[in-house]
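One point on numbering: in our numbering, the residue at position 278 of the sequence shown is 278, and numbering is uninterrupted.
Idealized CB from N, CA, C, for every residue including glycine.
Predicted model only: the values in this text are computed from it and were never measured.
Right, one structure below, let's go through it.
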Amino acid sequence: MNIELPPLLHGLAPDHLADIVGGMGQPGYRAKQLAEWMYRHHAMDWGTMSNLPGTLLTSLAERFDPCGLTLQERQCSQDGTRKYLFELRDGQSIESVMIPMEQHATFCVSSQVGCAMACSFCATARGGLVRQLSRGEIVEQVQLLALDLMADPVEELGDRAFNVVFMGMGEPLDNVDEVAGALKILTHTDGLAMSPRRITISTSGHAEGLRAFLDLRLPVGLTVSVNTTDPDKRKRLMPIPGRTPLSESLDLAEMHARRIRRTVTVAYVVIDGWNDHPDEATALATLVARRPFKVNLIPMNRIDDRFGPPSADALLIFQKVLADHDVRATIRISGGDDIDAACGQLRRRRTS
Ligand code: SF4
């Protein structure tokens with residue numbers, strides 16, 4: 001049985017609040033006050049909005065839910081990575097991750113429950129797509145992590161600034177409308193007022209999603225997951241994104257990079273004995289050289305016996321081959337080795 005749930009308060013764009021509050025017979029300044037509670041103070045219940053009149057709060061409570069995510073589990077790694085499992089109002093669950101960087105924290109958020117892309121190295125793919133997340137559910141992940149960072153600061157971080165990457169569960173460009181709605185709230189001056197430069201969309205690169213994303217002309221960063229340049233291997237590894245020729249995905253990504261004057265990241269999950277041969281590095285270099293791209297090499301985070309991390313030597317040789325072709329490549333040191341830090345692992349363990 002499908003139960004219709006009220007929309008989430010934090011899915012409302014700040015420029016809609018005046019109409020909503022006005023329609024409830026309240027003066028315009030109440031919308032500004034409400035926006036401050038919602039997006040400056042990250043208020044998650046009606047009781048904290050202390051300067052709003054009871055009549056307004058009652059009217060709002062009749063139409064909206066103030067919070068749609070409940071923390072089910074929080075894991076902290078020795079390296080400072082934190083992983084969160086949230087329960088949604090319909091009983092589904094999603095994961096978010098906080099990764100402390102040198103100057104800021106990176107919040108890695110989910111855009112879907114499950115994923116339809118069927119990538120064979122990914123724990124999230126195992127159950128297929130369950131449903132899309134709403135913009136409110138996406139924004140709330142950011143806010144709940146921000147609250148957690150405020151309540152329990154990471155000592156080494158100079159401030160509490162954070163970046164957001166759409167690199168959790170799901171393919172964000174398979175849920176473009178809700179992701180775009182969430183981006184509007186995250187970047188609006190009366191919303192979370194984030195600079196678009198602090199936000200990155202990470203995609204597996206299917207052309208349809210990339211075209212829809214380009215049409216929106218959003219000035220946020222983009223990461224395209226490549227993982228192998230061999231079309232047949234790519235179809236086996238990433239069945240749905242693999243249907244789009246890689247050159248087409250990269251042409252679209254390059255168009256975005258030139259439009260927003262920002263380098264696109266090519267993500268390459270390096271898998272032991274599968275895509276870590278120097279010839280693969282040469283093929284990758286040929287494809288990305290002379291484009292406004294940089295490469296991020298990500299050692300595979302083991303989820304089963306099939307795919308494992310490469311040796312340190314193989315990884316360094318791969319990076320050197322790219323450098324020899326004038327391709328900038330960094331190696332991402334995966335955080336949270338002592339917790340379920342690979343995308344979808346925590347949810348999978350909980351549900352199995
Ligand atoms: S790697 Fe990303 S796109 Fe592929 S199945 Fe997992 S969540 Fe989906």
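Cβ separation of residue i and residue j, assumed to be a contact under 8 Å, to the nearest whole Å
i, j, result
"N296", "T263", "That belief does not hold up - the Cβ atoms of N296 and T263 are roughly 11 Å apart, past 8 Å."
"V269", "I298", "5 Å"
"L190", "Y39", "A small fix is needed here, since residue 190 is Asp in this sequence, not Leu. About 7 Å separates the two Cβ atoms, so the contact holds."
"P278", "V321", "5 Å"
"R63", "P27", "19 Å between Cβ atoms; not a contact."
Pair within 7 Å by beta-carbon distance, residue i and residue j
i, j, result
"R160", "L145", "no"
"I199", "V142", "no"
"I201", "V220", "yes"
"E95", "L85", "yes"
"N275", "T330", "no"
"G22", "Q112", "no"
"E140", "H10", "yes"
"K83", "Q75", "yes"
"E248", "R291", "no"
"S50", "M24", "no"
"W46", "A61", "yes"
"G205", "S110", "no"
"A182", "R135", "yes"
"I271", "F318", "no"
"A31", "L17", "yes"
"S256", "L222", "This sequence places His at residue 256; Ser is not what is there. Taking 7 Å as the Cβ cut-off, H256 and L222 qualify as a contacting pair."
"V224", "T244", "no"
"L129", "A116", "yes"
"D90", "L8", "no"
"L210", "S120", "no"
"H42", "L147", "yes"
"H325", "A289", "yes"
Segment limits, alpha helix (DSSP H) that includes residue i
i, result
"R211", "207-216"
"I185", "176-187"
"T55", "54-63"
"Q72", "Where Q72 is concerned, there is no enclosing alpha helix (DSSP H), although the beta strand (DSSP E) it sits in stretches over 69-76."
"S202", "Here S202 belongs to no alpha helix (DSSP H); instead the beta strand (DSSP E) covers 199-203."
"F307", "Segment: none, F307 is in no alpha helix (DSSP H) and carries neither H nor E."
"M255", "246-260"
"V154", "Careful: V154 lies outside any alpha helix (DSSP H) and carries neither H nor E."
"D190", "Here D190 belongs to no alpha helix (DSSP H), and DSSP marks it neither H nor E."
"E280", "278-288"
Run of the beta strand (DSSP E) containing residue i, from where it starts to where it stops
i, result
"A370", "The question about residue 370 has no answer here: the residues shown for the chain are numbered 1 through 352."
"R131", "129-132"
"G221", "221-225"
"E102", "Premise fails: E102 is in no beta strand (DSSP E) and is neither H nor E."
"I298", "293-299"
"V266", "264-270"
"T330", "329-331"
"E87", "82-88"
"G114", "112-114"
"V164", "162-166"
CA-to-CA distance, residue j to residue i, given in whole angstroms
i, j, result
"D232", "F293", "23 Å"
"G114", "P241", "16 Å"
"L12", "E102", "33 Å"
"E137", "C122", "22 Å"
"D15", "A323", "47 Å"
"L216", "A180", "8 Å"
"T286", "L186", "37 Å"
"C108", "L315", "24 Å"
"D79", "M300", "18 Å"
"P353", "M194", "Residue 353 falls outside the range modelled here, since the chain spans only 1 to 352, and no answer is possible."
"R259", "L214", "9 Å"
"L69", "A105", "21 Å"
"K235", "A283", "17 Å"
"V380", "G54", "Residue 380 falls outside the range modelled here, since the chain spans only 1 to 352, and no answer is possible."
"T81", "C67", "24 Å"
"E4", "L133", "15 Å"
"L192", "M44", "14 Å"
"I333", "S77", "14 Å"
"A312", "V327", "19 Å"
"E280", "P239", "19 Å"
"D152", "D19", "36 Å"
"F166", "P172", "7 Å"
"E208", "G273", "31 Å"
"E178", "R197", "19 Å"
"L56", "R126", "44 Å"
"M1", "A212", "Residue placement at M1 is poorly supported in this model, since its pLDDT is 49, which falls under 50; the coordinates still yield a value, given next. Roughly 33 Å between the two C-alpha positions."
"D174", "S93", "18 Å"
"H188", "D305", "45 Å"
"Y29", "P309", "55 Å"
Near ligand 3: residue i beta-carbon under 6 Å from a heavy atom
i, result
"W37", "Questions concerning ligand 3 fall outside what the structure shown contains, since the ligands it does hold are ligand 1."
Below 5 Å from a heavy atom of ligand 1 - residues by beta-carbon: C115, M117, C119, C122, T124, A125, E171, S204
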